[in-house]
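Numbering (my numbering), first residue to last: 41 to 210. Here the structure is laid out as structure tokens; the discussion comes afterwards.
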């Protein structure tokens, strides 16, 4: 979903785009480095209630290194600054910043896109799912009030014609 990616093999996956972010694939390591972390989620708490934190389960997780101005950051995670230094940093800069802590972004929203670096579906906490459903409903309501969307669209009209992309067995 990102517009820019780092840590990808040459000729790797095609980018879908749409999310104004720079993402680093597998930032936290391979599957064996998977972990759980309590994340501060103030936006989620304000919309859905519940505890101040959410247990994020990170499996071969990416990290968002930069987010554009239209992107709302929903959660971040602390990492040593040395993890974020680019290869063009001097040795002195790397040594000086090695003990400092920075943060990477692990959950964002931009328009109708919600992205997390962790797996909310692997917990019993359904707040991210509820947040997404409410977000989708808000966007639908905004679109239906727009003059660009027809006032009445039959919810069954899309099902009246057969789908040509799927095999039909009779």
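Glycine included, C-beta positions come from ideal geometry on N, C-alpha and C. Here the structure is a predicted model, which means the values were calculated and not measured.
Can you have a look at residue 171 and say buried or exposed, based on whether 16 or more other CB atoms are within 10 angstroms of its CB?
buried
Nearest neighbour of residue 76, chosen from 100, 178, 58 and 82 [CA to CA]:
100
On the premise that residue 144 lies in contact with residue 119, defined as a C-beta separation below 8 angstroms, what is that separation, rounded to the nearest angstrom?
6 angstroms
Assign residue 160 to buried or exposed, taking buried as 16 or more other Cβ atoms, counted over all protein chains shown, within 10 Å of its Cβ.
Buried, since its Cβ has 16 or more Cβ neighbours within 10 Å.
Alpha carbon to alpha carbon, what distance is there between residue 117 and residue 140?
14 angstroms
So, with DSSP's three-state summary, where would you put residue 18?
This structure cannot settle anything about residue 18, because the visible part of the chain is limited to 41 through 210.
Residue 141 lies in the beta strand (DSSP E); which residues open and close that run?
Run containing residue 141: 141–150, per the beta strand (DSSP E) assignment.
N- and C-terminal bounds of the beta strand (DSSP E) containing residue 80
75–80
Would you mind reading off the limits of the beta strand (DSSP E) that contains residue 48?
Element bounds for residue 48: n/a, residue is neither H nor E.
What separation, rounded to the nearest whole angstrom, lies between the Cα atoms of residue 177 and residue 148?
18 angstroms
Opening and closing residue of the beta strand (DSSP E) in which residue 89 lies:
Careful: residue 89 lies outside any beta strand (DSSP E) and carries neither H nor E.
With distances taken between CB atoms, is the gap from residue 110 to residue 165 smaller than 7 angstroms?
no
Start and end residues, beta strand (DSSP E) containing residue 106
103–107
Per-residue DSSP class, three states only, for residue 55
Coil.
Straight-line Cα distance separating residue 88 from residue 113
Their backbone Cα atoms lie some 16 angstroms apart in a straight line.
Where do the ends of the beta strand (DSSP E) carrying residue 162 lie?
Residue 162 -> no beta strand (DSSP E), and no H or E assigned at all.
To the nearest angstrom, how far is it from the Cα of residue 64 to the Cα of residue 71?
15 angstroms
In DSSP terms, what residue 111 is bridged to:
According to DSSP, which records beta bridges pairwise, residue 111 is partnered with nothing at all.
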